Structures are given as C-alpha cells and as structure tokens.
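Peer 1: Dropping the structure in here first, questions after.
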Amino acid sequence: MTGRLPARGLWFLRARWRVVVRLGLWSVLETGQSFLIGYAPARALDDGFLAGRTATGLAWLGVAGLGVVVGAYGTARVYAAVAALVEPLRDRLVRRVVERGVREADRGALSGLTQQVEIARDTFAGLVMVSRSFVFTAVGALAGLFSLAPLLLLVVLPPLAAGIGLFAATLRPLARRQEVFLAADEALADRLGAVCPGLRDITATGAQERTAADVGRLVDAEQRAARSLARFGVVRVAALALGGQLPIVLLLATAPWLLKHGVTTGALLGALSYVTQSLLPALHNLLHGLGTSGSRLTVVLRRLAPEGGRGAGRGPSDESGAAESPAPTVARPPALTLSSVTFAYGPSAVPVIEDLDLTLPAGSHLAVVGPSGIGKSTLTALVAGLLEPRCGTVRVAGEPVRGAGALARRVLIPQEAYVFTGTLAENLAHLRPDPVPEAELLAAAEAVGFLPLLEALGGPEGRVDPAALSAGERQLIALTRAHLSHAPLALLDEATCHLDPRAEERAERAFAARPGGTLVVVAHRITSARRADRVLMMDGRDTAYGTHDELVRCSARYRELVGAWTPVPHERSDPSLALRDPDGVDAVAGPGLAGDGRHVVAHGPVGQVQTPRDLGDGRPFRGEG
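The sequence shown begins at 264 in the numbering used here and counts up by one.
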C-alpha cells in the first residue's frame, strides 16, 4: 500500500490538471516577490544610494514594496486553488469511510470521518503549500542570484543542493520511524484507556505486577521508537544547517574574493537577502512539512484506504476459483460457527446469550425464533461483527468474525433498511466494488420481487428519495442490494417485517437459492420457520435447535410460539388441542367427556370456557361433583 500511495497521488493530480496549472500560474505571480526581495535592494544600493542617486534608490525600494503587494495577491489566489485541489480529496475520503462503515460495520468509521479525514485534508493542504512554496521560491531566488552575479550561484547552490540531497536520502527511513512511533503511541494509549478505569479491580485481584509489566513493555516500545525518531531528527537539523545556514557563512567568508571578482556590494547584500529571507524559511518549512506531516499523511491514508478495502469484495470469485481447483479432499468450512459464546450488555448485566454453541453448514437455511427481547438481533449483531462476545468465538467460513476474510463473506440486512439519495443503480450496487451490469441488477430485482417497483421508479437510473419510500419499499431495495453482494452468508434481521407474507416468502427463497449461499433469518412469522432447514429456538439457557417438526415435538416453548403465530378464523371456533390429547382432555365438550381434575376446557366461541357442572347435559366429569 505504501508503494502505491505515490502512484495514486500522481493519478489524483493528473485527473485535476487544470487546478494544478492554475495553482502554478498563481505561484509564478507570488514568485515575483521572491525575485524582487533581493534584486530590488541590490539595484537600490548599486544604482541608487552608492551612486548618489537617492531617487533611483527609493524607486527600487518602491518596486520591492509593489512586489510584496502583488505577491500577497498571488498568495490569496494560491489558497483558493489549493482548496479546489484539497476538497475533492476530502470528499473521496469521506465517501470511502462511509462506504466502509456501512459495508463492514466498522466501529471506527465515525473516528475516521470526524478526525482522520480532517487530518488528511489539513496535512495534504499543508504539504501542497510547503512543497509549492519551496519550488517557486527557490526558482525565484536562484534566478535573482544569477541576475545579480552568476558567481554567487557557485557559493549558494552547492550547499543548498547537498542539504536537500541529505534530507531526501533520509526521508523514507524517517517516515517509517515516524509511523512506528505513532503506532507505539496509539498502542500505549489504547492500553492505558483499558487499564485506568479498572485500577480498582486490578488492585482487588492482585494483578498489579502483571498489568505494570504489560504497560511497561508498551512504554519501552514507545521510548525506543522515540529515540530512533529523534536520531533522524538530528539528521533533519543537519540538512537544514547545510542547505540553509551554511550558504550565509560562505557568502560572508568569500565576500572579499567575490568583491575582487566583480560582485558588487549591492549584489552581495541581495544574495544575503535571498538566502536569509527566502531560501532558509522555505527550506525549513519543506523539511518540517515532509519530515513530519508527510509521514503522518501516509499513515492516515493507509488507514482510511486499507489494502483489503477494495479487494474484499472479490472473496466469492476466489471461492469459485477454489471450487474449480482439483483438490476435492479439502473440507469446506462451516458457514458459521459459534463456540461457547456469551454476551451481556455491561460487565454486571445478565447475559443475553449464554454459552451458545452453533455450527451452520454452508448452503443451509436457519430460522431464529424466540420471545421478544430474548437476543435474536443480538445474535445477528455478533455474527455481523457489530458486537464482541464477552467470551467464546464466532467464525464465519472459518475466519474470525472481525477479520478481513469474514467481512467479505457476510452481509446484514436490518429491519430499518438503509437507502440513500441517488439512483437506484447506485443503491443496489452499493456493496459491490466493481460496476454491476444492468442485466444482473434486473435479475436480482426479479429474484427478490423488487422488479415491479424498480420499473415504477424509473428503472436503474431512476432517482431515489428515501423519505418518499415506504418501509417495505426500502426493505426491497436493501434486500436486492444484499442479493447482489458477493457475501455468501446473508443475515436477515426481520428484514422482511414490512412485506406481506407472499413477498416475504419470495425474498427468503431467493436468498436460500443463491449458489453456495447460506441464509439466517430472524423470523417473525411461522411460515419463515417452516421454510427453514433448521430452527434455532432461543429461550435463555433452554435454547433448542432442530427442524420445525422436531421442535414441535420436544419444545413446549416452541409449541407456544407456533400457537401464538397461528391465526384463528373468526367465523368458527377451533379446538385448542388435538383429539385424545396425551393429557387426557377431549377437544370438544359433550356427553361422556373424559374429565381431568377440574381443568378448564374450550367450548363454544373462543374466549368462552366451561367448568365441571356446566356441560350441556348437566353431568359432572367422571362422577366429579
């Protein structure tokens, strides 16, 4: 990634060549000040004051003042051009951070958006300013020296070039050490952030020595990085002294020789002005900007645009290539594995999920059911990497849930679907790193059941106004987007709750039919559970797992949910239990009803019950009185 940053930077500048040209033109205007800062005083001294022509001397000083005014105007225009160059970079970084936050559920996206992007923008603007300033200032100063006396270049140019060469030779190792120091500082800050709030617990458990040793290792690592960085800081000071301060010494030391070889007093004064007022400040800003801000920008850009960021979406193509490989003996890892997973919302809170083990083979279809608030959405958040378990492990296709490999293999569709302003094609292809052909968009929309709405909204190029869409329409867009993604594991967290049963069935079957796809559905209708291969019944520590029929037989809580899900027609009364129920209660009351100890039985319309001595024939249950 580090080697590709300069290439990407050149591509970025080449794509905005008009702005670069405008920046260069205004910089030339600003350079006039750099040229006149030494040339005008030299002429004022040689042609004016030393020659007895005071008016001429004052005129040249006036020209120098005018050059300052013109240069200030050029500087103002330079800032506007730099803004036109920097703001597009900021927009690209913001878009990338937001996309990664949505696609990968990145918890650091807010930090990247609010802090790191601003650091990148400000640092990039500073680098453009100092680099441009040094180049044009150096050109103006060297041109002025040549105009005054070419012999002056023999004194000023060699140490200046040597100082720049020394700094350039140490720039890459300096950047690496700067990055190591920043990483060590962040590691120490993260560790202290975890340790400081728990000092009381650390003391109570007698873990002071172990904690001190852990923190001490991080402190030592940062100290070593700081010392290494400081050694290269000395080299930077040496480069500044060689390129910016040594020319002053050489001009003063060689002044008698220069005066003997035709260099005038005014030209010598102008040369000192060029070095002290132009070259030395510009070189100082360049060394400080590239030496510190440059490495800082490299680190920030690498984190905002990670190596796997754009290539993560190619995971399924890698899998398809592996499927063609002649190695059938390699076992395909499960799509999802949870091992002894426990999660609670807080250190002292009751666990929502406790000691859960689950293995889901690739290509399967799982429905997650359970009472409201039992932890179904929490489970999908754990699988999506949005939450971290208190203990236990979660793996997606054999990869750690928070690893780059797992990110490319799962997609979460929540109940509240995310839709942004733009075209339908942009919304639907949001999870794809590459352009999606229109035929593929239409095929996915047809599979999910979104095609009629897609055509009604104007096709793939139709504009989307999220506020104008219903909740169900937004869910259809999100479902189609997820269907188009390369992720084989789809997590539907009540993602069809705003659809009618027929549309819900179509969407679920579309995901279940994806080649190599695995589907996990948080069900809110009994039909979703009936369609699934397996059902996970979450009920605290009494969690059950099996097929629908198996859970009906073995799980009383699941039977209750099935009964609550099953609607009762209003035009007639259905018996609550099957005939000759194992508990010995007949479903229909009448003569000869078998009693079971004064239990209430259904009779008549739903909601009305009868007890002993209240039957139609007036007889008690089995002689009960």
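Yeah, the Cβ is synthetic: ideal placement off N, Cα and C, and Gly gets one too. Everything numeric in this text was worked out from a predicted model, so none of it was measured.
1. Rounding to the nearest angstrom, what Cα-Cα distance links residue 715 and residue 658 in this structure?
2. Once DSSP output is grouped into helix, strand and coil, what is the label at residue 517?
3. What does a CB cutoff of less than 7 angstroms around residue 506 pick up in its chain, not counting 5 residues either side in sequence?
4. Using the three-state DSSP reduction, which class does residue 882 fall into: helix, strand or coil?
5. Going by alpha carbons, who is nearest to residue 752 out of 482, 775, 351?
6. Could you pull out every unbroken beta strand (DSSP E) segment of at least 3 residues lying fully inside the stretch 691 to 761, listed in chain order?
7. Roughly how many angstroms lie between the CA atoms of residue 824 and residue 745, to the nearest whole one?
8. I need the straight-line Cα distance from residue 711 to residue 741, nearest angstrom please.
9. Just to confirm the assignment, what range does the beta strand (DSSP E) spanning residue 618 have?
10. What is the DSSP secondary structure of residue 651, counted as helix, strand or coil?
11. Tell me, please, which residues DSSP counts as bridged to residue 626.
12. For residue 581, collect the residues of the same chain with a Cβ closer than 6 angstroms to its Cβ; drop the 5 residues on either side in sequence, then sort them by chain order.
13. Do residue 782 and residue 798 have their CB atoms nearer than 7 angstroms?
14. Among 688, 737, 708, whose alpha-carbon lies nearest the alpha-carbon of residue 726?
15. Counting only the same chain and skipping the five closest in sequence on each side, list residues whose C-beta sits under 7 angstroms from that of residue 293.
16. Pull up the distance between the alpha-carbon of residue 429 and that of residue 480, whole angstroms please.
17. Distance, Cα to Cα, residue 672 vs residue 548?
18. Determine, using beta-carbon pairs with one atom in the stretch 593 to 603 and one in the stretch 617 to 637, whether at least three such pairs fall under 8 angstroms.
19. For residue 630 versus residue 792, is the C-beta spacing smaller than 7 angstroms?
20. Give the DSSP-derived three-state secondary structure of residue 325 in the structure shown.
21. Can you check whether the CB of residue 485 is closer than 7 angstroms to the CB of residue 453?
22. Would you call the stretch 718 to 725 in contact with the stretch 677 to 693, where contact means no fewer than 3 C-beta pairs closer than 8 angstroms?
23. Does the beta carbon of residue 745 fall short of 6 angstroms from some heavy atom of the ligand ATP?
24. Using the Cβ count rule (16 or more neighbours within 10 Å means buried), how would you classify residue 765?
25. Excluding the five sequence neighbours on either side, which residues of its own chain have a C-beta within less than 6 angstroms of the C-beta of residue 296, listed in chain order?
26. Is the number of C-beta pairs between the stretch 645 to 658 and the stretch 598 to 614 that are closer than 8 angstroms three or more?
27. For a test of the three-state rule: what should DSSP assign to residue 444, helix, strand or coil?
28. Residues in the same chain with beta-carbon distance under 6 angstroms from residue 692, minus the five sequence neighbours each way, listed in chain order, please.
29. State the beta-bridge partners of residue 394 as determined by DSSP.
30. Sort 542, 280, 408, 778 by Cα distance to residue 393 and report the nearest one.
31. Short of 7 angstroms in beta carbon distance, which residues of its chain neighbour residue 298, apart from the five on each side in sequence? Order them along the chain.
32. Between the C-alpha atoms of residue 634 and residue 618, what's the straight-line distance to the nearest angstrom?
33. Determine contact between the stretch 676 to 683 and the stretch 754 to 765, defined as no fewer than three beta-carbon pairs at a distance below 8 angstroms.
34. Pull up the CB-CB distance for residue 550 and residue 503, whole angstroms please, since I reckon it's below 8 angstroms.
35. For residue 821, is the classification buried or exposed, using 16 other Cβ atoms within 10 angstroms of its Cβ as the cut-off for buried?
36. Alpha carbon to alpha carbon, how far is residue 807 from residue 650?
Peer 2: Taking the structure as given:
1. Position 452 of the sequence shown, counted from the first residue, corresponds to residue 715. Position 395 of the sequence shown, counted from the first residue, corresponds to residue 658. Those two C-alpha atoms are separated by around 38 angstroms.
2. Looking up residue 517 in the sequence shown gives position 254. Residue state, collapsed to three classes: coil.
3. To locate residue 506, count along the sequence shown from 1; it is residue 243. The residues are 422, 423, 425, 426, 427, 546.
4. Numbered from 1 along the sequence shown, position 619 holds the residue referred to as residue 882. Caution is warranted here: a pLDDT of 47 is assigned to residue 882, below 50, making its placement in the model unreliable, and the coordinate value is therefore given only provisionally. Coil.
5. For the purposes of this step, residue 752 is identified with residue 489 of the sequence shown, where counting begins at 1. Answer by Cα proximity: 775.
6. 752 to 756
7. Reading the sequence shown from its first residue, position 561 is the one you call residue 824. Reading the sequence shown from its first residue, position 482 is the one you call residue 745. Answer to the nearest angstrom: the Cα atoms are 29 angstroms apart.
8. Counting from one through the sequence shown, the residue named residue 711 turns up at place 448. Counting from one through the sequence shown, the residue named residue 741 turns up at place 478. So the alpha carbons of these two residues sit roughly 10 angstroms apart.
9. On the sequence shown, residue 618 is found 355 positions in, with the first residue counted as 1. That run of the beta strand (DSSP E) goes 616 to 623.
10. Indexing the sequence shown from 1 puts residue 651 at position 388. Of the three classes helix, strand and coil, the one that applies to residue 651 here is coil, per DSSP.
11. Locating residue 626 in the sequence shown gives position 363, where the first residue counts as 1. Paired residues: none, contrary to the question.
12. One-based indexing of the sequence shown puts residue 581 at position 318. In this prediction, residue 581 scores a pLDDT of 37, lower than 50, which makes its location untrustworthy; no coordinate-derived value is stated.
13. The residue labelled residue 782 in the question sits at position 519 within the sequence shown. The residue labelled residue 798 in the question sits at position 535 within the sequence shown. The answer is no: Cβ separation not under 7 angstroms.
14. Taking the sequence shown and counting its residues from 1, one reaches residue 726 at position 463. Considering only alpha carbons, the answer is 688.
15. Position 30 of the sequence shown, counted from the start, is the residue given in the question as residue 293. Cβ neighbours of residue 293 beyond the five flanking positions: 334, 337, 338, 341, 399.
16. The residue given as residue 429 occupies position 166 in the sequence shown. The residue given as residue 480 occupies position 217 in the sequence shown. Rounded to whole angstroms, residue 429 to residue 480 spans 34 angstroms at the Cα level.
17. Counting from 1 along the sequence shown, the entry for residue 672 is found at position 409. Counting from 1 along the sequence shown, the entry for residue 548 is found at position 285. Going by the C-alpha atoms only, they are around 47 angstroms apart.
18. yes
19. In the sequence shown, counting from the first residue as 1, residue 630 sits at position 367. In the sequence shown, counting from the first residue as 1, residue 792 sits at position 529. Their beta carbons are under 7 angstroms apart, which means residue 630 touches residue 792 by this criterion.
20. For the purposes of this step, residue 325 is taken as residue 62 along the sequence shown, with counting starting at 1. Correct three-state label for residue 325: helix.
21. Counting from 1 along the sequence shown, the entry for residue 453 is found at position 190. Counting from 1 along the sequence shown, the entry for residue 485 is found at position 222. No, the Cβ-Cβ distance between residue 453 and residue 485 is not below 7 angstroms.
22. yes
23. In the structure shown, the ligand ATP is absent, as is every other ligand, since no ligand is present at all.
24. Within the sequence shown, numbered from 1, the residue matching residue 765 stands at position 502. By the neighbour-count rule (16 or more Cβ atoms within 10 Å), residue 765 is not buried but exposed.
25. Here residue 296 refers to the residue found at position 33 when the sequence shown is read from its first residue. Only 330, 331, 334 meet the Cβ criterion.
26. yes
27. What you label residue 444 is simply residue 181 of the sequence shown in a count that begins at 1. It is helical.
28. Translated into positions along the sequence shown, residue 692 becomes position 429. Here the set comprises 699.
29. Position 131 of the sequence shown, counting from 1, holds the residue named residue 394. Residue 394 is not bridged to any residue.
30. In the sequence shown, the residue the question calls residue 393 occupies position 130. Minimum Cα distance to residue 393 is reached at 542.
31. Position 35 of the sequence shown holds residue 298. Within the same chain, residue 298 has close Cβ partners 403, 406, 407.
32. What you label residue 634 is simply residue 371 of the sequence shown in a count that begins at 1. What you label residue 618 is simply residue 355 of the sequence shown in a count that begins at 1. Residue 634 and residue 618: Cα-Cα distance of roughly 19 angstroms.
33. yes
34. Taking the first residue of the sequence shown as 1, we reach residue 550 at position 287. Taking the first residue of the sequence shown as 1, we reach residue 503 at position 240. About 6 angstroms separates the two Cβ atoms, so the contact holds.
35. Counting from one through the sequence shown, the residue named residue 821 turns up at place 558. When all chains shown are included, residue 821 counts as buried.
36. Taking the first residue of the sequence shown as position 1, residue 807 is located at position 544. Taking the first residue of the sequence shown as position 1, residue 650 is located at position 387. C-alpha separation (whole angstroms): 23 angstroms.
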